[in-house]
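If you're matching positions, the sequence shown starts at 1331 in my numbering and goes up one per residue.
Think of the CB as a built atom: it goes at the ideal place given N, C-alpha and C, for glycine as much as any other residue.
Keep in mind it's a predicted model, so treat the numbers as computed, not measured.
Here is the structure we will look at, set down as C-alpha cells.
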Amino acid sequence: MKLFITGGAGFIGSNHIKLLLATDPDVSIVNFDALTYAGNLENLTDVATDPRYRFVRGDVSTVADVMDALDEGIDAIVHFAAESHVDRSIESAADFVRTNVVGTQVLLDAARARKVPRFVHVSTDEVMGSLDDGGFFTEDSVLAPNSPYAASKAAAEHFVRAAMQTHGLDAVITRCSNNYGPYQFPEKLIPLVIANAIDGKPIPVYGNGQQVRDWIYVDDHCRAVDAVMRKAATGSVYCVGARSERANLEVIRTILDAVGAPHSLITYVSDRPGHDRRYAIDPVRVESEIGWTPRVTFEEGIAKTVGWYRDNAEWMAHARSGAYRDFYEKNLAWRETSSADAHS
Ligand SMILES: NC(=O)c1ccc[n+]([C@@H]2O[C@H](COP(=O)([O-])OP(=O)(O)OC[C@H]3O[C@@H](n4cnc5c(N)ncnc54)[C@H](O)[C@@H]3O)[C@@H](O)[C@H]2O)c1
1331 MKLFITGGAG FIGSNHIKLL LATDPDVSIV NFDALTYAGN LENLTDVATD
1381 PRYRFVRGDV STVADVMDAL DEGIDAIVHF AAESHVDRSI ESAADFVRTN
1431 VVGTQVLLDA ARARKVPRFV HVSTDEVMGS LDDGGFFTED SVLAPNSPYA
1481 ASKAAAEHFV RAAMQTHGLD AVITRCSNNY GPYQFPEKLI PLVIANAIDG
1531 KPIPVYGNGQ QVRDWIYVDD HCRAVDAVMR KAATGSVYCV GARSERANLE
1581 VIRTILDAVG APHSLITYVS DRPGHDRRYA IDPVRVESEI GWTPRVTFEE
1631 GIAKTVGWYR DNAEWMAHAR SGAYRDFYEK NLAWRETSSA DAHS
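Now the structure itself:
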C-alpha cells in the first residue's frame, strides 16, 4: 500500500508512520509536512533511511507543493497535518483557517485530480463541542465547536463531506479524543506536566482543574486510523476513544506520583476562555463495525509515557530549546533527496 501521509513529522503522524513501518512490510510512505514549530524530524530518525519511507517538505495549503509531491499510484491520503493547539488558536486563528480548512480543501482537490482511491481525514472530538456530566459523543452528535481550533476542524469536515457528495470522492473521517504518548510537543498537558515534574518546576492548571478529557494512548489512535482506512465503508465517520475519562487534576496527580514529584508543584492559573467542560466518546460503532479496540489502559499508558520522556531527555531538551528546528537544515541529504524526488 502506498500512502501519502500529511503532518507525519508531528506527534500522532510520526507515531503512525513508525507503527506502520514496524507492522506492515508492504507499506510505502511519503511523509508530507511543512515543518512548522510542531514538526520535528527528530521523531523519525530511526526510520529516516528505511527505503519504504520518504520525507517531502511542503505546505498543504499550497497547491503546487501538494501537486508536485502527490504522485499517481497513491492508494490513500492520510491527513493528519493541522495547526493543533487550542491556546494558539485563541491568540490568532488565521493559520488554523489556512492549514486546517484551506489545506484540507487543497488536498481534496489534489486527491480528485490524482484519482486517489481513499482519503482519510483525521478529525477530533472537539468538533462536537462540550458535554455536561452525562452522555457521550457519538457519530450522530451535532457539530458544535467552541474554540477556533475546533471550528477550523469542523469546517474541514464539512469540506470533506462536500467533496464526497459533490464529486463522489471516497473519504472516511475519524474523530478521536485526547491523545498522549511519546513525541508529543511539550506545550500539551501531559508532556508539559511530565517535563515540569521531572525538573521540579510549577505545573500550571487551568481554572479548578475539573475539566474532563477522555484519554487515549497514541498507538491505539493510530491503529484505529489504520483500521478505518482499510475497512470502513466510503463516507463513514467513526468516533475513537478508550473509555478513559479523567479530570485534568487527576491526570496531573497521577503523573506527579509516577514521577515521584510533590503535589505542591500544582499552581492554579486563570481558566482558558471558552474552556470545554467535558469530552467523552462512545466508541461502540468503531468497535463493532471495524473490530478495533484500545489495548493500552490509562495507567499503563502513563507509565510508558513517563518512562519514555525520562529515557529521551535529549529529545525533550531539543523540543524545549527549539534546537530540533535546526535538524532539517543540518541534514541536507534529506532535503536534497526529498526535493529531488518530489520533482521527479
Ligand atoms: N493531539 C490530539 O490529542 C488529537 C486528538 C484528536 C485528533 N487530533 C488530530 O490529529 C492530527 C495530528 O495532531 P497532532 O497532535 O499530531 O498535531 P501536531 O501539532 O503535533 O502535528 C501537526 C503536524 O502538521 C504539520 N503541519 C502544520 N501545518 C502544516 C501545513 N500547512 N502543511 C503541512 N504540514 C503542516 C506540522 O509541521 C506537524 O508536523 C490533527 O489533525 C489533529 O487535529 C489530535
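Closest option to K1518, judged by alpha-carbon separation, among C1506, G1637, V1452 and V1535: V1535.
Scanning S1651, E1413, G1637 and V1450 for the CA closest to the CA of T1564 turns up V1450. Secondary structure at N1538: coil, using DSSP grouped into helix, strand and coil. Contact annotation: the stretch 1513-1533 does not touch the stretch 1466-1474, with fewer than three C-beta pairs closer than 8 Å. With respect to G1340, A1364 sits apart: the two C-beta atoms are not nearer than 7 Å. At the C-beta level, E1456 and A1424 stay beyond 7 Å of one another.
Taking every protein chain shown into account, the CB of A1412 has 16 or more other CB atoms within 10 angstroms, so this residue is buried. Taking V1542 as the centre and dropping the five residues before and after it, the same chain places the C-beta of E1575, A1577 and R1608 closer than 6 Å to its C-beta, in chain order. Beyond the five residues adjoining it in sequence on each side, L1586 comes within less than 6 Å, by CB distance, of A1527 and H1593 in the same chain, given in chain order. For ligand 1, a non-hydrogen atom lies closer than 6 Å to the CB of S1414.
Annotated three-state conformation of R1573 is coil, per DSSP. For A1492 and I1582, the gap between their C-alpha atoms comes out near 40 Å.
If you draw a straight line from the Cα of Y1654 to the Cα of N1476, it is about 32 Å long.
Counting only the Cα atoms, D1612 lies some 10 Å from S1507. Per the coordinates, the alpha-carbon of F1362 lies some 10 Å from the alpha-carbon of G1343. In the three-state scheme derived from DSSP, where H, G and I count as helix and E and B as strand, R1384 is classed as strand.
Going by DSSP, A1443 is part of no beta strand (DSSP E) but of the alpha helix (DSSP H) stretching over G1433 to A1443. Residue burial is scored here from C-beta neighbours: D1462 has fewer than 16 other C-beta atoms within 10 angstroms and is therefore classed as exposed. Between G1433 and S1391, the gap from beta carbon to beta carbon is short of 7 Å.
Here the stretch 1588-1604 does not lie against the stretch 1487-1504, with fewer than 3 beta-carbon pairs under 8 Å apart. Counting every other CB atom within 10 Å of its CB across the protein chains shown gives N1538 a total below 16, marking it as exposed.
Assigned with DSSP and collapsed to three states, F1489 falls in helix. Placement of the Cβ of S1391 at a distance of less than 6 Å from at least one heavy atom of ligand 1 is found. No residue range can be given for V1457, since it is assigned to no beta strand (DSSP E) and is classified by DSSP as neither H nor E.
In this structure, V1626 sits near D1550, with a CB-CB distance shorter than 7 Å.
Beta-bridge pairing by DSSP links Y1568 to T1504.
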